[in-house]
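Step one of this worksheet: look at the structure below.
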Amino acid sequence: MTTLPRTARPRATVMLIAVVVAVVILAVVLLSSRGGTPTNVLTGRTAGYRVTVSVDDPRVGTTALTVTATDGHGAPARLSAVTITPIMPTMGHATGVVTATAAGPGRYRATGVELSMAGQWELDVGLRAASGTEQVVLALPVTG
Numbered sequence: 016m017t018t019l020p021r022t023a024r025p026r027a028t029v030m031l032i033a034v035v036v037a038v039v040i041l042a043v044v045l046l047s048s049r050g051g052t053p054t055n056v057l058t059g060r061t062a063g064y065r066v067t068v069s070v071d072d073p074r075v076g077t078t079a080l081t082v083t084a085t086d087g088h089g090a091p092a093r094l095s096a097v098t099i100t101p102i103m104p105t106m107g108h109a110t111g112v113v114t115a116t117a118a119g120p121g122r123y124r125a126t127g128v129e130l131s132m133a134g135q136w137e138l139d140v141g142l143r144a145a146s147g148t149e150q151v152v153l154a155l156p157v158t159g
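So this is what it looks like as structure tokens:
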């Protein structure tokens, strides 16, 4: 077995510590660049719109989400109202209707969306325009 001279041992220890610190810093940077919170992207269609819902944090509690809607040609939808109703069909209940606010062409932001327990939820998204109201239901798994 080869042993390091006494003067090399502290250097080896310092190098090992430096490598471990570098790996920890790299891991923190990589994880923080991913946004820090999970996002769940749901998509669906109605007769007139393609709908994408991005849920900021699909866990039990209050969350926010962004609804993006485009028309049949891919142009941002012009909607007068967007509503979200979280429903948990297996438990037979729903939380309150949340009205989203315009956040840009075809984009609507809803805050205060309550997901009261873990399990399979559905988001009933209502899209109101001059031509009428359409709805799409999107499945959302919620974790504890």
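Taking this note's numbering, the leading residue of the sequence shown gets 16, the next gets one more, and so forth.
For glycine and all other residues, C-beta sits at the position ideal for the given N, C-alpha and C.
Since this is a predicted model, take the numbers as computed values, not measurements.
Among the options, which one has its Cα closest to the Cα of residue i?
i          : options            : result
residue 78 : 141, 113, 88, 153  : 113
residue 63 : 153, 159, 154, 143 : 143
residue 71 : 110, 150, 124, 146 : 124
With a threshold of 16 other CB atoms inside 10 Å of the CB of residue i, please say whether the residue is buried or exposed.
i           : result
residue 68  : buried
residue 104 : exposed
residue 157 : buried
Please report the straight-line C-alpha distance between residue i and residue j, rounded to a whole angstrom.
i           : j           : result
residue 117 : residue 148 : 17 Å
residue 120 : residue 132 : 33 Å
residue 87  : residue 108 : 33 Å
residue 122 : residue 81  : 7 Å
residue 151 : residue 84  : 11 Å
Please list the terminal residues of the continuous beta strand (DSSP E) segment that includes residue i.
i           : result
residue 3   : With the chain represented from 16 up to 159, any question about residue 3 goes unanswered, as that position is not in the structure.
residue 139 : 134 to 144
Round the Cβ separation of residue i and residue j to the nearest angstrom and send it over; I've been treating them as touching at under 8 Å.
i           : j           : result
residue 138 : residue 153 : 5 Å
residue 134 : residue 74  : Between residue 74 and residue 134 the Cβ distance is about 12 Å, and since that is not below 8 Å, they are no contact.
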